[in-house]
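With the sequence shown counted from 1, adding 28 to any position gets you our numbering.
For each residue, glycine too, the CB sits at the ideal point set by N, CA and C.
One structure below.
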Amino acid sequence: ENEKLNASNNSSNEMISDANQKANISLENFGVKYERTETLGSKMDKIIKVSEELKM
């Protein structure tokens, strides 16, 4: 049971890490300043803001 939980946690952590890396790349490509320590949610908000500005 613990092994299943650990595997699930590892998988979740890997997905979050991957999403963070992709968010960092997107922000860098857009030229947006950010801190690597910012939450994924904060980074996503910045990406959404920039993409909305580009649509205008």
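Sub-9 Å separation of residue 74 and residue 55 beta-carbons | At a Cβ-Cβ threshold of 9 Å, residue 74 and residue 55 count as neighbours.
Counted within 10 angstroms of its Cβ, other Cβ atoms place residue 51 as buried (16 or more) or exposed | Buried, since its Cβ has 16 or more Cβ neighbours within 10 Å.
Skipping 5 residues on each side, what residues in its chain have a beta carbon closer than 7 Å to that of residue 60?
-> When the five nearest sequence neighbours on each side are left out, the beta carbons in the same chain lying within less than 7 Å of the beta carbon of residue 60 are those of 74 and 78, in order along the chain.
Whole-angstrom Cβ separation of residue 47 and residue 68, contact assumed at under 8 Å?
-> Their Cβ separation, rounded to whole angstroms, is 6 Å, which keeps residue 47 and residue 68 in contact under 8 Å.
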